[in-house]
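Chemist: Listed in order, the protein sequences are those of chains F and X. Residue numbering for the first sequence is 1 to 176, as defined by the numbering used here. Residue numbering for the second sequence is 1 to 622, as defined by the numbering used here. Below is the structure I would like to discuss, written out as structure tokens.
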Amino acid sequence: MTPAMKLSDDDFTLFGLPQRHALDRSELDERWRALQSQVHPDRFTSEGAASQRLAMQWAVRVNEAYQRLKDPLKRGAYLCELRGAAIDADNNTAMPSAFLMQQMAWREALDDAADADAVRQLDDTVAADEHALLATLERTLDQQGEPRAAAQQVRALMFVARFRDDIHRRLDALDP
Amino acid sequence: MALLQLSEPGQTPDPHARRIAVGIDLGTTHSLVAAVRHGVAECLPDGQGEGQGRVILPSVVRYLDHNRRQIGFDARDAQAEDPENTIASVKRFMGRRLADLVGHERLPYRFVDQPGMVAIATRAGVKTPVEVSAEILATLRHRAEDTFNDDLFGAVITVPAYFDDAQRQATKDAAQLAGLNVLRLINEPTAAAVAYGLDNASEGLYAVYDLGGGTFDISLLRLQRGVFEVVATGGDAALGGDDFDQALADWALAQAHRGADTAHDKRAVLVAARAAKEALTEAADTLLTCNLSGQPVSVPVSRAQFDAITRPLIDRTLAAVRKVLRDARLKRDEVAGVVMVGGSTRMPAVQAAVGELFGRVPLTNLNPDEVVAVGAAIQANALAGNGRDGELLLLDVIPLSLGLETMGGLVERVIERNTTIPVAKAQDFTTFKDGQTAMAIHVVQGERELVADNRSLARFELRGIPPMVAGAARIRVTFQVDADGLLSVAARELGSGVEASVVVKPSYGLADDQIAGMLKDGFASAEADMVARSLRESRVEAERMTLATRAALAADGELLTEAERQAIEALLVDLARIAAGEDHAAIDSAVERLAEGTESFAAARMNRGIQAALTGRKLNDL
């Protein structure tokens with residue numbers, strides 16, 4: 001029998017997946033459903049309070065890992081941390097000036113967007129850029145094996161993600 | 001694979017030990033109770049009429065003299081005659097303050113603006129929405145107990161997915177007050193999907209559009225081999241068929257150049273509007289007729305006029321649908337089917353608008369009034385341990401983000417909406433003043449950035465932080481949301497270990513002793529009955545626990561050493577001896593001892609289950 005699983009195992013081990021950024025989303029989803037089918041508190045309703053508590057801990061742990069693994073940015077940040085490169089975004093705000101210029105241009109475009117269609121168009125542009133940055137992050141982690149460089153890319157992607165949140169808030173406001 | 005078998009070969013459980021569990025749809029307009037009987041989930045009719053009876057119970061309570069009350073059809077029929085004491089659509093007031101109730105001045109009630117939750121003055125005294133809801137739930141509980149001629153083990157109660165923590169807590173309080181053991185609160189669209197999905201053996205992404213009497217929900221669910229995963233949910237907790245009635249009533253009054261100022265007139269025009277709305281589902285034209293202050297009023301209305309009057313309401317639902325698709329980052333053509341739930345989806349304009357938005361005809365093959373209760377009953381049966389193991393699992397989400405107030409009245413989100421539950425999340429904070437020894441924790445729910453725009457759930461204080469310079473303390477605040485979607489929050493200073501916590505019960509949530517007092521006052525049975533009932537419940541629990549443990553020993557006994565096995569055997573013998581006695585408290589503690597004594601065994605078995613899930617092999621192959 002394989003060694004016992006622990007709540008403190010890393011997310012990849014818990015899900016039985018290789019420790020890398022590239023990931024098959026449908027395989028992840030499948031594992032998640034299979035794990036929850038085993039540990040969810042509803043599976044232990046007849047087994048008393050002790051089992052319920054234990055099941056709750058496991059179900060929470062499985063959901064936590066799933067939330068992190070399914071998001072490519074969170075997954076990237078987690079891999080950096082696992083490999084000793086802290087993200088520490090609060091104390092590492094320096095970004096290349098070309099990147100900052102791009103951010104400012106986008107912010108202005110959002111401010112100037114006249115209607116929902118213009119905002120959607122901007123979102124498409126930003127989404128394409130985000131996609132390319134994520135592909136770079138995946139190469140940096142999986143092929144080049146450079147967690148420090150990857151951590152810098154993660155910090156840049158965090159800017160982009162925050163900006164997309166702002167775009168979506170704006171869309172919500174335009175389509176109440 | 002069976003982690004838990006309820007019986008081993010040759011040891012079938014006593015048939016009387018089968019737990020009777022029901023699903024209850026506590027609706028704005030009407031409520032239903034359903035149960036699995038002979039393997040089929042069905043709504044239970046009232047005792048009226050031979051053989052058939054009515055499954056729907058109007059959610060209306062009328063308070064009469066001498067502590068008497070009418071609940072259901074009789075109360076509904078008395079609405080226009082006794083509007084101030086006849087409470088309808090009470091679900092809209094659950095967990096709300098008077099200021100939250102838009103348009104309350106048009107309702108015929110004498111509202112009492114209490115801190116936390118609004119109440120209503122009746123001839124039987126001031127009643128909270130929790131108490132009114134408890135009357136409805138108790139009626140359904142008695143209906144089920146009469147049907148089975150036995151006590152209920154528990155109930156699954158449905159709530160709109162969009163209900164916040166305060167509304168969920170109020171619903172749970174009402175159930176407790178009605179003497180029900182709440183196995184789980186589940187979201188109405190999820191319940192509908194269970195009923196629908198199991199019926200049609202569907203797989204893929206489904207949208208559930210649920211327009212009830214007072215609430216609107218839109219949920220996206222992924223169905224896959226017995227697992228119902230809520231992907232995203234949204235809606236409007238104050239939008240439903242009642243608003244269509246109100247819009248039509250306002251229009252008709254304007255047409256007739258009349259007003260409705262008395263309680264009687266307000267109710268009369270609403271009842272007439274509702275009847276006209278229902279007639280327009282079949283007919284192209286109808287007449288809205290009622291008596292206002294003794295004068296007859298009659299306004300002709302066509303379906304086209306009705307559709308135009310109510311279009312803004314439908315548009316609000318469509319905006320919520322688009323928002324939930326955006327939230328889930330899904331396109332409308334990825335949706336494999338649209339399920340319609342709630343009586344208000346009978347309106348032709350609603351079906352047409354939803355069909356147009358998704359580009360497909362919505363599914364309406366199950367009765368939209370019954371489908372939620374039926375789904376809840378299936379889940380209740382599974383939670384009571386009667387279903388086949390591994391058949392059904394609901395993975396639900398929290399509908400609204402949870403967060404904390406930080407400096408400047410801003411919200412720091414701790415758990416984002418649409419996160420799968422159960423979930424726990426911790427966030428670290430620090431002190432901002434030198435020598436600060438206390439920190440106020442203010443828990444809020446909602447999507448807005450300012451605290452003032454969100455719902456305040458609870459406040460508590462962490463005291464006894466050792467004096468330090470500003471920014472040196474590390475205070476970890478942990479949010480935990482259980483499988484019912486209910487929140488508890490704990491705060492702990494990591495250096496000193498001082499801690500404080502709350503189970504989030506909004507200030508107006510009823511305290512447990514208050515509920516106990518109310519139970520004695522009327523809803524539950526006499527004291528002697530209570531003792532007998534407790535003993536019976538304790539014995540059933542002891543028997544269940546014994547069977548579960550024996551089954552676990554048979555399936556996974558080799559995980560234990562001989563000494564561990566003997567310790568568990570000793571606890572089983574002990575429990576059997578005590579369960580033969582009359583002391584229910586002693587039985588409960590023996591059950592708890594067995595639960596504690598098998599904890600590490602349970603952990604080992606869970607581990608084996610996880611390994612099996614990862615390798616995709618059956619437990620028995622390991």
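C-beta atoms are modelled at their ideal positions from N, C-alpha and C, and glycine is treated no differently. Remember, it's a predicted structure, so these values are computed and weren't measured experimentally.
Considering only their Cβ atoms, is the gap separating alanine 470 of chain X from glycine 495 of chain X smaller than 9 Å?
Modeler: Contact: no.
Chemist: Is the CB of arginine 75 of chain F under 9 Å away from at least one CB in chain X?
Modeler: For arginine 75 of chain F, the answer is no, since every Cβ of chain X falls outside 9 Å of its Cβ.
Chemist: Please list, in chain order, all residues of the same chain as methionine 94 of chain X whose beta carbon is under 6 Å from its beta carbon, the five residues on each side excluded.
Modeler: Only Pro129, Gln167, Ala170 meet the Cβ criterion.
Chemist: At the 9 Å Cβ level, is lysine 425 of chain X part of the contact set with chain F, yes or no?
Modeler: For lysine 425 of chain X, the answer is yes, since a Cβ of chain F falls inside 9 Å of its Cβ.
Chemist: Pull up the distance between the alpha-carbon of aspartate 111 of chain F and that of alanine 118 of chain F, whole angstroms please.
Modeler: Their backbone Cα atoms lie some 11 Å apart in a straight line.
Chemist: Is the CB of proline 18 of chain F under 9 Å away from at least one CB in chain X?
Modeler: With 9 Å as the cut-off, proline 18 of chain F does not count as an interface residue toward chain X.
Chemist: Please look up how many angstroms separate the CB atoms of tryptophan 32 of chain F and tyrosine 66 of chain F, rounded, as I've assumed it's under 8 Å.
Modeler: 5 Å between Cβ atoms; contact.
Chemist: Under 8 Å by Cβ, that's how I've got valine 22 of chain X and alanine 144 of chain X pegged, so tell me the actual separation to the nearest angstrom.
Modeler: So it is a contact: roughly 5 Å between Cβ atoms.
Chemist: Under the rule that 16 or more other beta-carbon atoms within 10 Å means buried, what is methionine 407 of chain X, buried or exposed?
Modeler: Methionine 407 of chain X should be labelled exposed.
Chemist: Note down, in chain order, every chain F residue with its Cβ under 9 Å from the Cβ of threonine 598 of chain X.
Modeler: In chain order: Glu47, Gly48, Ala50, Ser51.
Chemist: Assign asparagine 381 of chain X to one of three DSSP states: helix, strand, or coil.
Modeler: Note: asparagine 381 of chain X maps to helix in three-state DSSP.
Chemist: Could you tell me which chain F residues have their CB closer than 8 Å to the CB of glycine 609 of chain X, listed as they occur along the chain?
Modeler: Chain F residues near glycine 609 of chain X: Gln38, Val39.
Chemist: Please state whether DSSP places glycine 471 of chain X in a helix, a strand or coil.
Modeler: Residue state, collapsed to three classes: coil.
Chemist: Can you list, in chain order, the residues of its chain whose CB lies under 8 Å from that of glycine 53 of chain X, leaving out five sequence neighbours each side?
Modeler: Cβ within range, chain order: Pro45, Asp46, Gly47.
Chemist: Under 9 Å, do aspartate 210 of chain X and threonine 364 of chain X count as touching if we go by C-beta distance?
Modeler: Cβ distance not < 9 Å, so aspartate 210 of chain X and threonine 364 of chain X don't count as in contact.
Chemist: Could you spell out the range, first to last residue, of the alpha helix (DSSP H) harbouring arginine 413 of chain X?
Modeler: Here arginine 413 of chain X belongs to no alpha helix (DSSP H); instead the beta strand (DSSP E) covers 410 to 415.
Chemist: Counting only beta-carbon separations shorter than 9 Å, does phenylalanine 163 of chain F have a partner in chain X?
Modeler: No, phenylalanine 163 of chain F lies away from the interface with chain X (no Cβ there is under 9 Å from its Cβ).
Chemist: Per DSSP, glutamate 42 of chain X is paired with what?
Modeler: According to DSSP, glutamate 42 of chain X bridges with X/Ala35.
Chemist: Would you be able to state if there are at least three C-beta pairs under 8 Å between the region 47 to 55 of chain F and the region 390 to 405 of chain X?
Modeler: Not touching, per the Cβ criterion.
Chemist: Give a yes or no on whether 9 Å exceeds the smallest Cβ distance from phenylalanine 159 of chain F to chain X.
Modeler: With 9 Å as the cut-off, phenylalanine 159 of chain F does not count as an interface residue toward chain X.
Chemist: Around the Cβ of glutamine 566 of chain X, are there at least 16 other Cβ atoms within 10 angstroms (buried) or fewer (exposed)?
Modeler: The residue is exposed, with fewer than 16 neighbouring Cβ atoms inside 10 Å.
Chemist: DSSP state of aspartate 640 of chain X, grouped into three classes?
Modeler: Residue 640 of chain X falls outside the range modelled here, since chain X spans only 1 to 622, and no answer is possible.
Chemist: Please state whether the Cβ-Cβ distance between alanine 263 of chain X and leucine 253 of chain X is less than 9 Å.
Modeler: No. Outside cutoff.
Chemist: Within the 9 Å Cβ cut-off, does valine 159 of chain X reach chain F?
Modeler: It does not; no Cβ of chain F falls within 9 Å.
Chemist: Secondary structure at arginine 476 of chain X, three-state DSSP: helix, strand or coil?
Modeler: Three-state DSSP puts arginine 476 of chain X in a strand.
Chemist: Quick one: Cα of alanine 532 of chain X to Cα of glutamate 541 of chain X, how far?
Modeler: Distance between the alpha carbons of alanine 532 of chain X and glutamate 541 of chain X: 14 Å.
Chemist: Between arginine 184 of chain X and chain F, is any beta-carbon pair separated by less than 9 Å?
Modeler: At least one chain F Cβ lies under 9 Å of arginine 184 of chain X.
Chemist: Go ahead and pull the three-state DSSP assignment for glutamate 624 of chain X.
Modeler: Lying outside 1 to 622, the shown extent of chain X, residue 624 of chain X is not represented and no answer is given.
Chemist: If leucine 137 of chain X and leucine 107 of chain X are in contact, beta carbons under 8 Å, what's the gap, nearest whole angstrom?
Modeler: Rounded, the Cβ-Cβ distance is 22 Å, inconsistent with contact.
Chemist: Figure out for me which residue from X/Pro300, X/Ile314, X/Leu404 has the closest Cα to the Cα of aspartate 285 of chain X.
Modeler: Residue X/Pro300 is the option with its Cα nearest to aspartate 285 of chain X.
Chemist: Taking 8 Å as the cut-off, does the region 477 to 490 of chain X touch the region 172 to 190 of chain X (at least 3 CB pairs, one atom from each stretch)?
Modeler: Yes: the two stretches touch, three or more of their Cβ pairs being nearer than 8 Å.
Chemist: Among X/Gln295, X/Ala304, X/Val354, which has the Cα closest to the Cα of arginine 316 of chain X?
Modeler: Checked all of X/Gln295, X/Ala304, X/Val354; the closest Cα to arginine 316 of chain X is X/Val354.
Chemist: Which residues, taken in chain order from the region 325 to 357 of chain X, show a beta carbon closer than 8 Å to some beta carbon of chain F?
Modeler: Answer in chain order: Arg326.
Chemist: What does leucine 575 of chain X touch in chain F if you count any residue whose Cβ is under 8 Å from its own?
Modeler: Ordered by position in chain F, no residue passes the 8 Å Cβ test against leucine 575 of chain X, which lies about 11 Å from the chain.
Chemist: Inspect the beta-carbon positions of leucine 270 of chain X and leucine 140 of chain X and report whether they are closer than 9 Å.
Modeler: Taking 9 Å as the Cβ cut-off, leucine 270 of chain X and leucine 140 of chain X do not qualify as a contacting pair.
Chemist: Consult DSSP for glycine 197 of chain X and reduce its assignment to one of helix, strand or coil.
Modeler: Reduced to three states, the DSSP call for glycine 197 of chain X is helix.
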